[in-house]
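Trainee:
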Amino acid sequence: MPMWLQALGWGTLAGGALVLGSAIAWLWKVPSRLVATIMAFGAGVLISALAFELVQEAVDSGGLLPTVVGFLTGAAIFVGSNILLARAGAKHRKRSGQKQPSEKDAPGSGTAIAIGALIDGIPESVVLGVGLIASGTVSPAMLAAVFISNVPEGLSSTAGMKKAGRGPGYVFGVWTAIAVLCGLASLLGYAALENAPAALIAFITAIAAGGILAMLADTMIPEAFEEHHNLTGFTAAVGFLTAFTIHRVGG
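Take the position in the sequence shown, starting the count at 1, then add 1; the result is the number in this note's numbering.
(1) By the three-class DSSP mapping on this structure, what secondary structure does E154 have?
(2) In whole angstroms, give me the CA-to-CA distance for L182 and F148.
(3) Would you mind reading off the limits of the alpha helix (DSSP H) that contains D61?
(4) Would you decide whether D61 is buried or exposed? Buried here means 16 or more other CB atoms lie within 10 Å of its CB.
(5) Buried or exposed: which applies to V131, given that a residue is buried once 16 or more other Cβ atoms fall within 10 Å of its Cβ?
(6) Would you check if the distance between the CB atom of A8 and the CB atom of S187 is smaller than 7 angstroms?
(7) Please report how far the alpha carbon of E227 lies from the alpha carbon of S33, in whole angstroms.
(8) May I have the straight-line CA-CA distance separating G122 from L242, to the nearest angstrom?
(9) If you count every other CB in all the chains shown that lies within 10 Å of the CB of F72, and 16 or more means buried, which is it?
(10) What are the start and end residues of the alpha helix (DSSP H) that includes F42?
(11) Rounded C-beta distance between V152 and M162? I'm assuming under 8 angstroms.
(12) Assess contact between the segment 16-33 and the segment 215-222, defined as three or more Cβ pairs (one per stretch) separated by less than 8 angstroms. Is contact present?
(13) I believe A207 touches V56 by the beta-carbon criterion, under 8 angstroms. Please report the beta-carbon distance rounded to the nearest angstrom.
(14) Express the C-alpha separation of A192 and A225 in angstroms, rounding to a whole number.
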C-alpha cells in the first residue's frame with residue numbers, strides 16, 4: 002500500500018474514534034463519572050505518547066533547539082486559539098454536563114465548538130503522518146494513544162451537545178467531518194514533510210506535542226477532575242503506563 006494512502010487511512014481511523022465515542026453518547030446515557038474516568042485515562046495515554054513518541058524522538062532526530070521552539074509555539078497557538086474560541090462559546094466543548102451553551106443562548110457557539118474540536122484533533126493526526134516518514138510504518142503506541150483518547154473526547158463532548166439541545170445532524174456531521182479532516186491532516190503531514198530536513202520535522206512534531214499538552218491541561222483534565230477528582234490522578238497514571246507499555250513492546 003502506498004505510504005500516502007497509509008497516512009490517510011491511519012489518520013481517518015484515529016479520527017473515527019471521535020465518531021465512535023459520539024455514537025455511544027448519543028445512543029446511551031453514559032454516567033458522568035464513567036466519562037470522567039475514561040477522560041482521565043485518555044489524558045494519561047496522551048501524556049505518555051507525547052513524551053516518548055513525540056518530544057523524545059524530535060530531540061533525537063532534529064536537536065533540542067527546534068524541539069523547544071516548536072513545543073512552545075504549539076502550546077501558544079493552542080492557548081491563543083482556545084481563548085478566542087472560549088469567547089465564542091466553545092469553552093466547555095469537552096464537558097459532558099450542562100455547561101455547553103445552546104445556539105439560542107450563545108449564537109455562533111455551534112460553529113465555535115466545531116472549530117475547537119477540529120483544532121483539538123488536528124495535531125494528533127499530523128504526527129501520525131509525520132511518523133511514517135521516519136519509520137516507514139505507523140507507531141503502534143501513538144496510534145493507540147490517539148484512538149484511546151479520542152473516544153472519550155467524542156463521548157464527553159457529544160453528551161454535552163445533546164444536553165444543549167443540538168440535533169443529530171449537527172453532532173454527527175461535526176464528528177464525521179473532523180474524522181475525514183484528521184485523515185487529510187495525517188496525509189498532509191506525510192506529503193508536505195516527506196523530504197524535509199530533520200530539524201523542520203522535529204519542529205513540526207514538537208508543535209503538535211505542545212498543542213496536545215496545552216489541550217490536555219485546558220480541556221480534558223478539567224473535565225475529568227470536575228466529575229471524578231478522587232481518582233483522576235490514579236486513572237491518568239494507569240493510562241500513562243498503558244501507553245508506555247505499548248511503546249516499549251512495540252519499539
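Backbone N, C-alpha and C fix where the C-beta goes; we use that ideal spot for every residue, glycine too.
Mentor: Answer, in terms of the structure:
(1) For this step, residue 154 is matched to residue 153 along the sequence shown. Three-state DSSP puts E154 in a helix.
(2) Within the sequence shown, numbered from 1, the residue matching residue 182 stands at position 181. Within the sequence shown, numbered from 1, the residue matching residue 148 stands at position 147. Those two C-alpha atoms are separated by around 15 angstroms.
(3) Here residue 61 is taken as the residue at index 60 of the sequence shown, counted from 1. It spans Q57 to G63 - the alpha helix (DSSP H) in which D61 sits, taken as one unbroken run.
(4) In the sequence shown, residue 61 corresponds to position 60, counting from 1. The residue in question, D61, is exposed, as its Cβ has fewer than 16 Cβ neighbours within 10 Å.
(5) Counting from one through the sequence shown, the residue named residue 131 turns up at place 130. So V131 ends up on the buried side.
(6) Counting from 1 along the sequence shown, the entry for residue 8 is found at position 7. Counting from 1 along the sequence shown, the entry for residue 187 is found at position 186. Yes, Cβ-Cβ distance for A8 and S187 is below 7 angstroms.
(7) Within the sequence shown, residue 227 is the residue found at index 226, counting from 1. Within the sequence shown, residue 33 is the residue found at index 32, counting from 1. Taking the straight line from one Cα to the other gives about 10 angstroms.
(8) Here residue 122 corresponds to residue number 121 of the sequence shown, with the count starting at 1. Here residue 242 corresponds to residue number 241 of the sequence shown, with the count starting at 1. Whole-angstrom Cα-Cα distance: 22 angstroms.
(9) In the sequence shown, counting from the first residue as 1, residue 72 sits at position 71. Its Cβ being crowded by 16 or more others within 10 Å, F72 is buried.
(10) Walking along the sequence shown from the start, residue 42 turns up at place 41. From DSSP, the alpha helix (DSSP H) with F42 extends over S33 to A50.
(11) For the purposes of this step, residue 152 is taken as the residue at position 151 of the sequence shown. For the purposes of this step, residue 162 is taken as the residue at position 161 of the sequence shown. The Cβ separation is near 16 angstroms, so there is no contact.
(12) no
(13) What you label residue 207 is simply residue 206 of the sequence shown in a count that begins at 1. What you label residue 56 is simply residue 55 of the sequence shown in a count that begins at 1. Correct: roughly 7 angstroms between the Cβ atoms.
(14) Taking the sequence shown and counting its residues from 1, one reaches residue 225 at position 224. Taking the sequence shown and counting its residues from 1, one reaches residue 192 at position 191. Each residue's Cα considered, the two are about 36 angstroms apart.
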